[in-house]
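So for the sequence shown, our numbering puts the first residue at 271; every next one is plus one.
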Amino acid sequence: MALKIYHNPHCSKSREALQLCEEAESEIEVVEYLKTPFDEVALYDLLKKLGKKAHEIVRTKEEVYSQLELAADSTEEEIIAAIIKYPVLLERPIVVKGARAVIGRPPENIKTLF
């Protein structure tokens, strides 16, 4: 089964995770999510595969997070809408295999999918 990695080539952790994927699997779909943002259905599907809520995959230290006045008590819908509009808010990298997904921080986390 192929791996899919939501990747930011400017992120060292994402590059490390991609390298681990390439060493483990021959079929890898690389999605540069900053160029190909999520739609709502795909983001909810990803959350289900991760077993997480939206606030657990948002990068709270990004400037846009504070500019949007998002907070720990923001609703799931508010955070999802923000990630769709500003994909830089998405934690990275995220690797998917079948019905499971993991956040690759640290990159070694993705080994649980192999």
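For glycine and all other residues, C-beta sits at the position ideal for the given N, C-alpha and C.
On a predicted model such as this, the values are computed, not experimentally measured, just so you know.
Checking 8 angstroms against the spacing of the C-beta atoms, do I275 and L313 come in under that value? Between I275 and L313, the CB-CB gap reaches or exceeds 8 angstroms.
In chain order, what residues of the same chain lie with their CB nearer than 6 angstroms to the CB of E385, ignoring the 5 residues before and after it? Past the edges of the chain, shown from 271 to 384, lies residue 385, and the structure says nothing about it.
Please confirm whether I354 and E310 have their CB atoms less than 8 angstroms apart. Taking 8 angstroms as the Cβ cut-off, I354 and E310 qualify as a contacting pair.
Which whole-angstrom value is the C-beta distance of E361 and V334, which I expect to be below 8 angstroms? About 14 angstroms separates the two Cβ atoms, so there is no contact after all.
Which value, in whole angstroms, describes the spacing of the CA atoms of L293 and E286? The sequence as given places Glu at residue 293; Leu does not occur at that position. For E293 and E286, the distance between alpha carbons rounds to 11 angstroms.
Which of the three DSSP states is assigned to Y356 in this structure? Under the three-state reduction of DSSP output, Y356 falls in the coil class, being neither helix nor strand.
Alpha carbon to alpha carbon, how far is R370 from A272? Give it in angstroms, no decimals. Answer to the nearest angstrom: the Cα atoms are 12 angstroms apart.
Which residues DSSP lists as bridging H277, in chain order: Partner(s): E302.
Do you know how far the Cα of S296 is from the Cα of L304? Cα to Cα, the separation comes out at about 24 angstroms.
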